[in-house]
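Numbering-wise (the numbering used here), the sequence shown opens with residue 134 and increments by one. Glycine included, each C-beta is placed from N, C-alpha and C at the ideal position. Treat the numbers as computed from the prediction; the structure is a model and nothing was measured.
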Amino acid sequence: MMRLENWPSRLTETINAASSRRFLCGEYDCFIFCADVVEAMTGRDLFEGYDFRGKYKTPKGAIKQIRKNGFENIEAIWDHFAKPVDVNFAQRGDIILIDVDEELPATGPVIDSRAAFLSKDGITYRNTTEGLRAWRIGA
Numbered sequence: 134m135m136r137l138e139n140w141p142s143r144l145t146e147t148i149n150a151a152s153s154r155r156f157l158c159g160e161y162d163c164f165i166f167c168a169d170v171v172e173a174m175t176g177r178d179l180f181e182g183y184d185f186r187g188k189y190k191t192p193k194g195a196i197k198q199i200r201k202n203g204f205e206n207i208e209a210i211w212d213h214f215a216k217p218v219d220v221n222f223a224q225r226g227d228i229i230l231i232d233v234d235e236e237l238p239a240t241g242p243v244i245d246s247r248a249a250f251l252s253k254d255g256i257t258y259r260n261t262t263e264g265l266r267a268w269r270i271g272a
């Protein structure tokens, strides 16, 4: 999976578009937001052949749907699609995972020393130093 030539502008456009959308579990949450980011940067729909969008309404439902699709957790999905990297070496456009004291961790694209995360109020930014895991998206 390679990044498109104009991936930086596509990343920015996707984040800007997400800022006006409301968080809705299973419809537009951090997991779906990150899949949209990857598709914008690479042209590849990670969910093609999988059954995620609109198939759950709660974090527990998300876990059930993740397992129904053959993965143990969100981390396993990203391990399947992207190369894990040390959080300290995550670069712009990579995906990072943080703990948000919810039932599921949150994922978001790295922007600079921060990453963008979808929240109930749109986009929020967190320092990448909070990252627990990271994955390289293309190169």
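- Closest by C-alpha distance to L136, when choosing among T175, R200, F214, F166: Checking the displayed sequence, the identity of residue 136 turns out to be Arg instead of Leu. When each option's Cα is compared against that of R136, the closest is T175.
- Query: Below 8 Å, can you find three or more Cβ-Cβ pairs linking the stretch 245-263 to the stretch 202-209?
  - Reply: no
- Query: By Cβ distance, which residues of its chain are closer than 6 Å to V233, with the 5 residues on each side in sequence left out?
  - Reply: A239
- Item | P242 - DSSP class collapsed to helix/strand/coil | strand
- Message: I want to know whether the stretch 155-169 touches the stretch 184-192 - three or more CB-CB distances under 8 Å.
- Response: yes
- Message: Short of 7 Å in beta carbon distance, which residues of its chain neighbour K188, apart from the five on each side in sequence? Order them along the chain.
- Response: G159, Q198
- When E146, D184, R154 are compared against V171, the one with the closest alpha-carbon: E146
- Query: Can you tell me the Cα-Cα spacing of S153 and D162, whole angstroms?
  - Reply: 13 Å
- Along the beta strand (DSSP E) that carries V218, what are the first and last residues, could you check? 216-218
- Given that a residue counts as buried once 16 or more other Cβ atoms are within 10 Å of its Cβ, and exposed if not, what is A150? exposed
- Query: To which residues does DSSP link Y258 through a beta bridge?
  - Reply: A249
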